[in-house]
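These protein sequences, in sequence, are chains X and F.
For what it's worth, my numbering labels the leading residue of the first sequence as 1, then goes sequentially.
For what it's worth, my numbering labels the leading residue of the second sequence as 1001, then goes sequentially.
Number of protein chains: 2
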Amino acid sequence: MAKKAVLLLSGGLDSATALAIAQSQGFEVYALSFAYGQRHKRELMAAQHIAAEYGAKEHRVFTIDLAGFGGSALTDNALNVPKDRLDEDLARGIPITYVPARNTIFLSFALAWAEVLQAYDIFIGVNALDYSGYPDCRAEFIKAFETMANLATAHGVENKQRITIHTPLIDLTKAEIIKKGLSLGVDYGLTTSCYDPDPQGRACGHCDSCQLRLKGFRENGMVDPAEYAA
Amino acid sequence: MAKKAVLLLSGGLDSATALAIAQSQGFEVYALSFAYGQRHKRELMAAQHIAAEYGAKEHRVFTIDLAGFGGSALTDNALNVPKDRLDEDLARGIPITYVPARNTIFLSFALAWAEVLQAYDIFIGVNALDYSGYPDCRAEFIKAFETMANLATAHGVENKQRITIHTPLIDLTKAEIIKKGLSLGVDYGLTTSCYDPDPQGRACGHCDSCQLRLKGFRENGMVDPAEYAA
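Written out as structure tokens, the structure reads:
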């Protein structure tokens, strides 16, 4: 029987690649997405297409109201998503698109589902190289979460089977992630990365996430198959 | 200005006592409760009364569907809440009333709210002495969560202000918790602890939680002011 893994699936480029990697390692994937009040709801449609296309064993979408807490441009339409930031700005500080404790919350739900499924593997497509500077994308955070997870759960305590948080992308550049995904047959036309798509769901091409993605395809000598607003 | 603290408020005896303790330490309390699919929904009404009675600065109730994951007698009516277990059984193993990763999820939401409020203190009324054997009530879990929390958040990383998870009850017996609460004026008649109340909301008197509570009042030479089914 295939080993089960819970995978956080946003609908973006990174998590789609992580899904392909988990499957290439022989895991049966239980995909988990969140309607958390994000302004880019289009990514949930993308997540559904990706989960279906790549044969996730199950896909669940949880609704949680992170917008109720506020404090992020991704969940608050009154705050602007920064556009056309320079590389040196991208590398500096934590931007307004950071959603407080988002990955902590997402991983906590993944942990709960893993415990019920008796799965001991959780995949998250975080990346600490070409990324937006979020604290909860760094290896030291993931390690600390894993330590905590092994103390938090009944199967950690009773069965003494370790829970592993897999971060197959953490040390890759965006270009390397895309290259890896293409080698596994990922159709990036299904994915969406933009923080601020237009009403038709087309990517803006100017937010941090679009900039990192476009650069990644450029470095592979390719055109991004995603749809961009003119 | 008073320091802000986020406090997890279930409506039970322990979290009501933790609220009184946080306030006695000068914190302005932001109380957080969850409608998570628990069969004992009465505790949410109790939480609202307690938050209002004790002057919490704000009280939020988040809805999250932990019942969707299954695996616990507290969220699944098809599973029976164990009754009249002996002391030696209470001390052994993790019971079916354990909800997978519940405190991890609750603390993650508390962390998100704390970050937005710019609060650096989180209170949780866990107790590892007279308790149900849940892994996520133990000091080692709380310590690991605190370590993780300080790596997870922007204010942990940028402001270098440490986040503290306060567990003022963790080393107390149920009798000592009640004694402490009474000294701070807690009205335990407002609290409810039963895992399996009757349709009128009266406590069963026989589940693990009722047994621990009744013993605690008995050891204080008192009658529990909560309402029990005959």
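Positions of the beta carbon are idealized from the N, C-alpha and C atoms, including for glycine.
So, using beta-carbon positions, are ASN127 of chain X and LEU169 of chain X closer together than 7 angstroms? Position 127 of the first sequence, counted from the start, is the residue given in the question as residue 127 of chain X. Position 169 of the first sequence, counted from the start, is the residue given in the question as residue 169 of chain X. Closer than 7 angstroms, so yes.
On the three-state DSSP scale, how would you describe TYR30 of chain X? Indexing the first sequence from 1 puts residue 30 of chain X at position 30. In this structure, TYR30 of chain X counts as strand in the three-state DSSP scheme.
Closer than 7 angstroms by C-beta to CYS1210 of chain F: which residues in its own chain qualify, once you throw out the five before and the five after it? Chain order, please. Counted from its first residue, the second sequence places residue 1210 of chain F at position 210. Correct list, in chain order: SER1193, CYS1194, ALA1203 and CYS1204.
Tell me which residue opens and which closes the alpha helix (DSSP H) that ARG42 of chain X is part of. As a position in the first sequence, residue 42 of chain X is number 42, starting the count at 1. It spans 42 to 53 - the alpha helix (DSSP H) in which ARG42 of chain X sits, taken as one unbroken run.
Within a Cβ cutoff of 8 angstroms, which residues of the same chain sit near ALA154 of chain X, ignoring the five residues on either side of it in sequence? Reading the first sequence from its first residue, position 154 is the one you call residue 154 of chain X. The residues are GLU115.
Limits of the beta strand (DSSP E) - the one that THR17 of chain X falls within: Sequence index remark: in the first sequence, residue 17 of chain X carries index 17 (1-based). Counting along the chain, THR17 of chain X falls outside any beta strand (DSSP E), though it belongs to the alpha helix (DSSP H) covering 13 to 24.
Between which two residues does the beta strand (DSSP E) carrying LYS1004 of chain F extend? Translated into positions along the second sequence, residue 1004 of chain F becomes position 4. It spans 1003 to 1008 - the beta strand (DSSP E) in which LYS1004 of chain F sits, taken as one unbroken run.
With burial defined as no fewer than 16 other Cβ atoms inside 10 Å of the residue's Cβ, what is the status of GLU146 of chain X: buried or exposed? As a first step, residue 146 of chain X is located in the first sequence; it is residue number 146 there, counting from the start. Buried, because 16 or more other Cβ atoms sit within 10 Å of the Cβ of GLU146 of chain X.
In three-state terms, what does DSSP make of THR97 of chain X? Along the first sequence, one-based indexing puts residue 97 of chain X at 97. It is coil, neither helix nor strand.
Would you mind working out which of X:CYS207, X:GLN23, X:GLY189 and X:HIS59 sits nearest HIS40 of chain X, comparing C-alpha positions? Position 40 of the first sequence, counting from 1, holds the residue named residue 40 of chain X. Here the closest residue by C-alpha is X:CYS207.
Other residues of its chain near ILE21 of chain X: CB distance less than 6 angstroms, five sequence neighbours each side excluded: Residue mapping note: residue 21 of chain X aligns to position 21 of the first sequence, counting from 1. Result list for ILE21 of chain X: PRO168, in chain order.
Minimum C-alpha distance to ALA1018 of chain F - residue among F:GLY1070, F:ASP1187, F:TRP1113 and F:ALA1230: Residue 1018 of chain F sits at position 18 when you count from the first residue of the second sequence. With distances taken between Cα atoms, ALA1018 of chain F lies closest to F:ASP1187.
DSSP three-state label for ASP208 of chain X, please. Locating residue 208 of chain X in the first sequence gives position 208, counting from the first residue. Looking at ASP208 of chain X - three-state DSSP - the assignment turns out to be helix.
Return the residue from the list F:ASP1171, F:PHE1069, F:ALA1046 and F:LYS1174 that minimises the CA-CA distance to PRO1100 of chain F. Indexing the second sequence from 1 puts residue 1100 of chain F at position 100. Considering only alpha carbons, the answer is F:PHE1069.
If we count the other Cβ atoms within 10 Å of its Cβ and call it buried at 16 or more, is LYS1003 of chain F buried or exposed? As a position in the second sequence, residue 1003 of chain F is number 3, starting the count at 1. So LYS1003 of chain F ends up on the exposed side.
Beta-carbon gap between LEU1007 of chain F and ALA1046 of chain F smaller than 7 angstroms: Here residue 1007 of chain F refers to the residue found at position 7 when the second sequence is read from its first residue. Here residue 1046 of chain F refers to the residue found at position 46 when the second sequence is read from its first residue. No, these two residues do not count as a Cβ contact at 7 angstroms.
Could you check whether the Cβ of ALA1005 of chain F sits closer than 6 angstroms to any heavy atom belonging to the ligand FAD? In terms of ligand content, the structure shown is empty, and the ligand FAD therefore cannot be addressed.
Residue-level contact to chain F via CB, ALA112 of chain X, 7 angstroms cutoff: In the first sequence, residue 112 of chain X corresponds to position 112, counting from 1. Yes, because at least one Cβ of chain F sits closer than 7 angstroms to the Cβ of ALA112 of chain X.
If you run the structure through DSSP and keep just helix, strand and coil, what is TYR1188 of chain F? Mapped onto the second sequence, residue 1188 of chain F falls at position 188. Reduced to three states, the DSSP call for TYR1188 of chain F is helix.
To the nearest angstrom, how far is it from the Cα of LEU962 of chain F to the Cα of GLU176 of chain X? No answer is possible for residue 962 of chain F: the residues shown for chain F start at 1001 and end at 1230.
Specify the secondary structure class of GLU140 of chain X as computed by DSSP and reduced to three states. In the first sequence, counting from the first residue as 1, residue 140 of chain X sits at position 140. In this structure, GLU140 of chain X counts as helix in the three-state DSSP scheme.
Give the DSSP-derived three-state secondary structure of LYS1083 of chain F in the structure shown. Numbered from its first residue, the second sequence carries residue 1083 of chain F at position 83. It is a strand residue.
I want to verify the contact list: residues of chain F whose CB lies under 7 angstroms from the CB of VAL116 of chain X, in sequence order. Locating residue 116 of chain X in the first sequence gives position 116, counting from the first residue. Simply PHE1069, GLY1070, GLY1071 and PRO1100.
Chain X beta carbons: is any one of them nearer than 7 angstroms to that of PHE1145 of chain F? The count along the second sequence starts at 1 and reaches residue 1145 of chain F at position 145. Judged by the 7 angstroms Cβ criterion, PHE1145 of chain F is in contact with chain X.
Take the Cβ of MET148 of chain X as the centre, count every other Cβ of all protein chains shown within 10 Å, and call the residue buried at 16 or more, exposed below. Start at 1 with the first residue of the first sequence, and residue 148 of chain X comes out as number 148. When all chains shown are included, MET148 of chain X counts as buried.
Just verifying my parser: in three-state terms, what is the DSSP assignment at ALA1175 of chain F? Sequence index remark: in the second sequence, residue 1175 of chain F carries index 175 (1-based). Residue state, collapsed to three classes: helix.
If you run the structure through DSSP and keep just helix, strand and coil, what is ALA1203 of chain F? Looking up residue 1203 of chain F in the second sequence gives position 203. ALA1203 of chain F: strand per DSSP, three-state reduction.
Does the separation of the CB atoms of THR1104 of chain F and LEU1074 of chain F fall below 7 angstroms? Counting from one through the second sequence, the residue named residue 1104 of chain F turns up at place 104. Counting from one through the second sequence, the residue named residue 1074 of chain F turns up at place 74. The answer is no: Cβ separation not under 7 angstroms.
Nearest to VAL223 of chain X by alpha carbon, out of X:HIS49, X:LEU214 and X:TRP113? Reading the first sequence from its first residue, position 223 is the one you call residue 223 of chain X. It is X:LEU214.
Can you check whether the C-beta of ALA1139 of chain F is within less than 7 angstroms of a C-beta belonging to chain X? Stepping through the second sequence from its first residue, residue 1139 of chain F is reached at position 139. Chain X, which has no Cβ nearer than 7 angstroms to the Cβ of ALA1139 of chain F, makes this no.
Selection from F:PHE1217, F:THR1191 and F:TYR1228 that minimises the alpha carbon distance to LYS1179 of chain F: For this step, residue 1179 of chain F is matched to residue 179 along the second sequence. Of F:PHE1217, F:THR1191 and F:TYR1228, the residue nearest in Cα terms is F:PHE1217.
I want to see whether chain X comes within less than 7 angstroms of ALA1230 of chain F, judged by CB atoms only; does it? Here residue 1230 of chain F refers to the residue found at position 230 of the second sequence. Not an interface residue.
For a contact meaning CB atoms closer than 7 angstroms, what does ILE64 of chain X contact in chain F? Position 64 of the first sequence holds residue 64 of chain X. Going along chain F in sequence order, the residues near ILE64 of chain X (Cβ under 7 angstroms) are ILE1064.
Measure the CB-CB distance between GLY37 of chain X and ASP14 of chain X and report whether it falls below 7 angstroms. Within the first sequence, residue 37 of chain X is the residue found at index 37, counting from 1. Within the first sequence, residue 14 of chain X is the residue found at index 14, counting from 1. No.
Extent of the continuous beta strand (DSSP E) run through ARG1060 of chain F: As a working note, residue 1060 of chain F is residue 60 in the second sequence. Where ARG1060 of chain F is concerned, the enclosing beta strand (DSSP E) stretches over 1058 to 1063.
If you reduce the DSSP assignment to three classes, tell me which class THR164 of chain X lands in. Reading the first sequence from its first residue, position 164 is the one you call residue 164 of chain X. Reduced to three states, the DSSP call for THR164 of chain X is strand.
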